[in-house]
Structure formats: C-alpha cells, structure tokens
Amino acid sequence: MSFAHLDESGHARMVDVTAKQPTVRSATARGFVRCTPEVVASLRDG
C-alpha cells in the first residue's frame with residue numbers, strides 16, 4: 016500500500032489536488048490540555 020502524501024522516506028509532501036472534485040465531509044475532534052493549578056488560576060483571573 017502507498018500513501019500519496021508520503022515520499023519514499025516516509026516524510027510528508029504536498030499533493031496537487033486542483034483536479035479533485037469537492038466533497039462534503041465532517042469531523043469531530045476531542046482533546047485535553049493539562050495545566051498546573053497556577054496556570055488555571057491565571058487563566059481564570061485574566
């Protein structure tokens with residue numbers, strides 16, 4: 016299997032998509048940010 020966005024070394028590379036037809040897609044992402052209590056207090060207090 017090969018991936019168009021990876022070169023022979025496995026590094027990411029740009030792919031020309033100008034001829035590709037538009038498609039409708041959706042995605043959902045979730046993440047976490049871990050902070051010290053001091054950082055949380057600073058963010059809360061402005």
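Heads up: take any position in the sequence shown, counting from 1, add 15, and you land on the numbering used here.
By construction, the Cβ of each residue, glycine as well, lies at the ideal position given by its N, Cα and C atoms.
Helix, strand or coil at A56 according to DSSP, with G and I counted as helix: If you number the sequence shown from 1, residue 56 lands on position 41. The DSSP-derived three-state label of A56 is helix.
Rounded straight-line distance, which links the Cα of S17 to that of E23: Sequence index remark: in the sequence shown, residue 23 carries index 8 (1-based). Sequence index remark: in the sequence shown, residue 17 carries index 2 (1-based). Taking the Cα positions, E23 is about 9 Å away from S17.
Paired residues, beta bridge with A27 - DSSP: Here the question's residue 27 lines up with position 12 in the sequence shown. Under DSSP, A27 shares a beta bridge with L21.
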